[in-house]
Structure formats: C-alpha cells, structure tokens
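So in the UniProt record's numbering, spot 559 of the sequence shown is number 559, and the numbers just go up one at a time.
Cβ coordinates follow ideal geometry from the N, Cα and C atoms, glycine included.
Quick caveat, the model's predicted, so the values are computed rather than measured.
Everything on this sheet refers to the single structure shown next.
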Amino acid sequence: KFILVTREDPPEEHRVVVATTGARLCREHGKGKCAGGCRQLHRCRYFVCGGCRQQAARKPCKFIHDINTGHNFSVLREHGLEVLNSDELCQLLLQNDPSLLPEICPYYNKGDGPYGSCTFKKICVKLHICQYYLQGECRFGSNCRHSHDIFNPECYEKLEKWGMSQALISKIPLFYRNVYDIKNNASSKCRERRENQIVSTSDVDESDTICLYHIRKSCSFQDKCTRVHYHLPYRWQVLNGTLWKDMDNMKKIEKAFCDPGNESIFQLGGPEQFNFSSMTWGSAKIRRLSTPSSVTKPPHYILTTDWIWYWKDEYNLWKEYGKQDGDHTAATVTSFDLEKAYQSEAFTTVKFSAGTQNYELDFKAMKQKNLKYQTERSICRRPKFVSMEEVEKKKSSKTEQSKGSATHIPPHWDQAALPELGYKLINLLSSSSEYIKVQTNFQRTLSRVTIMAIKRIQNLSLWEVYQWQKEQMKKANGGKDVDERPLFHGTDKNHVDAICQQNFDWRICGVHGTAYGKGSYFARDAAYSDNYSGASSSIKTMFLAKVLVGDFTTGNSSYLRPPAKNNQSSLFYNSCVNSLLNPSIFVIFEKHQIYPDYLIEYKN
C-alpha cells in the first residue's frame, strides 16, 4: 500500500509516495517465546536496524536473519512483500513498525535549557532531538532551541545502543518523517496546518498549550506536566538565541492582537515593528501560547480561549460572523460554529448563507467566496481579550459555582465531603452494598489477594466533564444510550493523586502497552490490570473506572486516535479493543470518556 503526501520543503513543495505495510516483527520471537503460530516476521531486531553485534563479531545469532525461511516467506506473501530484497524490507519495517525506532522525548521538547523539562537529563533513554524537525515542520531552523543534529554525541550514543548502524543513523530523519506521514495519513501540509493564518504560532501542539489546571493552582502533574504552566490564559514570548523569553507589556500586546484591525503591524513604544502576520518583532521571532480553544472543552471549563471569527467588508471593516448590523445581514454561521469546524480538522471549507447570498469559507486560504459572483473577502480569527482582573474574577466565580452545583452530585456520594477544588477519597464500609459490588467484580479474576481498602473518588469537576461527554456522545449516537462499562486500570501509587485530581493521562501516568494504540489502557479483568499495579511497595493500587467505550474497533499500534468509520473522515470510533468478538482490553484516547470511580488498595 502507498500514501501520497505533499511536503513543503523550501523553496518549493513536492509530492512523495510513501510505502506502508501492516507487517510487523514478532516481539515474542525477540524474547525467544514464540512457537511459530503468529502471523508476524521472525527476524533479529538488531539485524533489521543494521547493528547486530553477533553478526559484526562473526558469531552465530540466536535470532533469525534469513528473510526466506518458510514462516517469513509465508508472512511476506500474505502482505504482498515477497519480491522485496532484505534492504528494502528493512526500510519498510523501520518506517511502519513502531517498535523499531526509539521514542522522541516529549519533555525535552518542552521547556528551556539544554534538556528542556526532562528530569532524567543525560540518563534519559529517549532521543533528545526536535520532534518538529523530524516531522519536517520546524519553522525556526538554525534558531531552534532544540537540537537538529542526529549525530550529536548524546543522540548518536543512544542510537548505537539501540542497535542502529551508522549507515541507518544518517537516514533517521527520513524514517521519522515517513512514520509521521503514515500515522497522519498525510504530511503537515495535507493536514491543513494553516500556518499562513493570523493565529497563535502553536495552536496544535499540546506541549505549547497552557495548562488549565495550573491556572486554577491545582495541577498535580507539576514538573511532569506536558503543558505550559503560566498564570494567564495567554503568554507572549520572543526568541532570544535558542531560548524563548517572556515579553514585557504582555497585556498591551494581547489587547492589540485581539483587535482584528491590527492585522499586520503594531508599534510597541519603540522603533521595532510588531507584525502579527509573520509573528515577528523586528527581525526576532515571536509566539503566542494559549489555553485550549473553548469549543474543545466542556462549557463549565474556565479560562479556555474564546476565538472570534471575522470577515472584512467592502469598507475594510472587520465584522464578526453571525452578528447583524445596519449594512449587512447576519451570516447563518457564528464564531462558535466556525471554530468547531476549524478544530475538528474534518472540514477544509464551510458553506453558509447571509440573506440571499451563498458563500464558501476556506480555512486554508482564510478567504470567503461569494458562490454567485466569485468575489473573495479576507477572514481572520482572533481571541477574545481577557484582562488579569477578569482571570481572577473567573477563578473565584468558579469556586462559588462549585458550591452550588449539588444538582450534579450522584445521590450515593457524601455531600458533606466535597472540596471546592480537587477530590475527596471516601472509605467504603466492607459491609456496604457498594463495597461488595466492587469487591465481587475485582475478585472475579483476582481472588488470591487481600483487599485493604476500597475508596470512592469524589471529584465533582471530573464528574461534570464525564456527564457532559456522555451527553455529547449520546447526541452523536442519535439519542441512544452510549456503551458504558466498569473497567480496571492498575498503576503505581505515585500516580494515584494525579489521576484522582486530573484523570488519566497515559503520557504522564505511564504506558500499559501500545499494541492497540497510544492511549490509556483499561481491562475488563482485574487480573490483567494487576500486572501494572506497581511493585514499589507491599500495597498495590488499582482503579475501577466508569468508561464510555462507545463504538469501538480493533486497535493498531500506530493509532494516535480511533480510526474513521467506513473511511468517512468526519465520523470516528470512540475507542479501540483487542478483539471485537470478546473485548477485554480497551484503549481510550479522550480522557473525558473516563471517570476514576473507585480506588482499590490490596496486597498479595
């Protein structure tokens, strides 16, 4: 199989055909455990990477190097790959099998300094290199604060230890670029990154998103958080050498940016020009960090960013969509509608009308076109201004709101134990029906352990988000109830507080596997989750969560989110599983589909 991608490599863009395959190396064979009944390749991982030390030392390797064994040839023929030679097959596997390339450190790519926010620093086993460079998307070139040199001593040493030959190390950027395009089924250009728009320079990557929990002073992940910690919902920075520095007059800059009339140049009390189109201040690059768009979060989330959409009329005045004035009829779409479509990435254009005229809005070109007269007008997207005083007011009003939200509280909760912020753990009596119900489910597959405690987790904020998500999924399901299941998740006790506070985040709380996609893994059976409950102390911890599994499909290790249904780009599955006939493992990519219901403490 092949995908066609368009890559923008200055000074021009070009189209590239990238080969894809479902063939994978058998991981159990690499452990010496596979008896041969699988439909995966039995081959030495180090040989595929070009660095098998046994071969280099002219010693026999206990793993297979031969591509033409009966088992391997059968698998290759099944995938239509039997005509490839060994080198061609190695390249195809390297860009398709996620187990063959080392991970890029997400913490290195966040924060300032030589190691970003990676606390492991030199001993980190993941690659410290710019992820955007490997994706072909880094806009900063030689000014980037993160390394673009795959041959720097630290990276080179890690790649050698991984088993990479020098010849393959030189091709590493190509492999990662192909991996990225295959995962997204398109290059950055095809995915409509929309870099020419007047928007935040980092509107997509979560590592450049301001943490909503930190603004409320309640982020349990602290320095492990993948998001930016800042006290405002926006942050303006200038690139000073290789480091991003906070700018003075941030409030003044933000207020100017929120005015669509300041679309190109803004004087900031000095000779240097402030250009919102190119995001430059004189010759220096600037960027705006932001909280998530309000349309991507439940309505009661505070300090998300409200984006307003405007179009320029015949008098060069900016008009907000959906608003009527004396000269123009209101459009049938509002800022909320457009932002929702923009964030979904399922639409590149939106059609609407105003009075008797019909229009098409193009997100990529940032233009609206009159479908009858073919006239075009510019559009733009700007945030709604929020002052420091409004930030403090919203934080305090949220506290007051939480006190009066008793209508959302489940009837079996202890209403006297509801904190204004965060969560409360309620010890259940072993004689209560609630305790016995959880105990029965837990001991159905894990009976030879001693339960020390079962605690109900009361976190009103997470509960409200979960209920909102449930309602959204029900609407999308034509009003039918959503498939909701109690599922287990084992974890180390060090992650318990963060999960109770902010829900499950696989990037921080650890990975339970990637065989069915990169997300949070939940199990039908407690016995499976017991493998991940940590051995750092005698007491083990496991969650029993409410999970909106919804419509699911069989997972794949390359999935970053559930796939589309029937190749329809706007309709996606809700989760992935290990087996459609008898699902016992569920992968959830959206944490709003999860509520951590109970914490079970036990010992062997």
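Where does residue i fall in DSSP's three states?
i: F103; result: As written in the sequence, residue 103 is Glu, which differs from the Phe given in the question. E103 falls in the coil class under three-state DSSP.
i: N275; result: strand
i: C38; result: coil
i: I588; result: strand
i: C380; result: strand
i: L89; result: helix
i: D66; result: coil
i: D223; result: helix
i: Y373; result: coil
i: K285; result: strand
i: P60; result: coil
i: Q324; result: coil
i: S402; result: Bear in mind that a pLDDT of 49 at S402, under 50, signals an unreliable position, so the number given afterwards is only what the model happens to contain. Residue state, collapsed to three classes: helix.
i: C124; result: coil
i: A476; result: helix
i: P173; result: helix
i: D497; result: helix
i: F257; result: helix
i: R7; result: strand
i: Y573; result: coil
i: V16; result: strand
i: V350; result: strand
i: E137; result: coil
i: F385; result: coil
i: V228; result: strand
i: H29; result: helix
i: residue 606; result: The structure shown does not extend to residue 606, since the chain spans only 1 to 604, so no value can be given for it.
i: P153; result: helix
i: I210; result: strand
i: F552; result: strand
If residue i and residue j are in contact, beta carbons under 8 Å, what's the gap, nearest whole angstrom?
i: V5; j: Q40; result: Not confirmed; about 27 Å, so no contact.
i: L462; j: V391; result: Going by Cβ atoms, the distance from L462 to V391 rounds to 22 Å, so no, they are not a contact pair.
i: L101; j: V48; result: Not confirmed; about 11 Å, so no contact.
i: R369; j: E360; result: According to the sequence shown, residue 369 is Lys rather than Arg. Yes, they are in contact, since the Cβ atoms of K369 and E360 sit about 5 Å apart, within 8 Å.
i: D208; j: V228; result: 7 Å
i: S277; j: E263; result: 7 Å
i: K122; j: E154; result: 7 Å
i: L418; j: R216; result: So it is not a contact: roughly 16 Å between Cβ atoms.
Within 10 angstroms of its Cβ, does residue i collect 16 or more other Cβ (buried), or is it exposed?
i: L571; result: exposed
i: A57; result: exposed
i: Q166; result: exposed
i: R288; result: buried
i: P596; result: buried
i: M452; result: exposed
i: H592; result: buried
i: V386; result: buried
i: G478; result: exposed
i: G163; result: buried
i: R177; result: buried
i: G282; result: exposed
i: D203; result: At D203 the pLDDT is 34, less than 50, meaning the model places this residue with poor confidence; the figure from the coordinates comes in the next sentence. Under this definition D203 is a buried residue.
i: G36; result: exposed
I'd like to check one pair, residue j with residue i: are the Cβ atoms closer than 8 Å?
i: H79; j: A23; result: yes
i: F543; j: Y598; result: yes
i: W236; j: I308; result: no
i: V549; j: S575; result: yes
i: S117; j: D223; result: yes
i: Y132; j: C138; result: yes
i: I594; j: V547; result: yes
i: I210; j: P233; result: yes
i: S220; j: Q502; result: yes
i: I172; j: I150; result: yes
i: L89; j: L81; result: yes
i: A526; j: F589; result: no
i: H489; j: S529; result: yes
i: G322; j: V333; result: yes
i: K518; j: Y573; result: no
i: residue 631; j: R53; result: Limits of the chain in this structure are 1 at one end and 604 at the other, which puts residue 631 out of reach.
i: P98; j: T226; result: no
For the ligand SAM, any of its heavy atoms closer than 7 Å to the Cβ of residue i?
i: R227; result: This structure simply doesn't include the ligand SAM, nor any ligand for that matter.
Q: Report yes or no: do the segment 60-78 and the segment 22-33 share at least 3 C-beta pairs separated by less than 8 Å?
A: yes
Q.
With a threshold of 8 Å, are at least 3 pairs of Cβ atoms found where one atom belongs to the segment 368-383 and the other to the segment 245-259?
A. yes
Q) Looking at C-beta atoms only, is the number of pairs between the segment 232-251 and the segment 136-149 that lie closer than 8 Å three or more? A) Yes: the two stretches touch, three or more of their Cβ pairs being nearer than 8 Å.
Q: Say whether the segment 454-462 touches the segment 483-497, bearing in mind that this needs 3 or more beta-carbon pairs closer than 8 Å, one atom from each stretch.
A: Three or more Cβ pairs closer than 8 Å define a contact, and the segment 454-462 falls short of that threshold against the segment 483-497.
Q. Should the segment 420-431 be called in touch with the segment 466-478, which here means at least 3 C-beta pairs below 8 Å?
A. No: the two stretches stay apart, fewer than three of their Cβ pairs being nearer than 8 Å.
Q.
For the segment 518-537 against the segment 470-481, do three or more pairs of beta-carbon atoms, one drawn from each stretch, fall closer than 8 Å, so that the two count as touching?
A. Under the 8 Å Cβ criterion, the segment 518-537 does not count as touching the segment 470-481, having fewer than three qualifying pairs.
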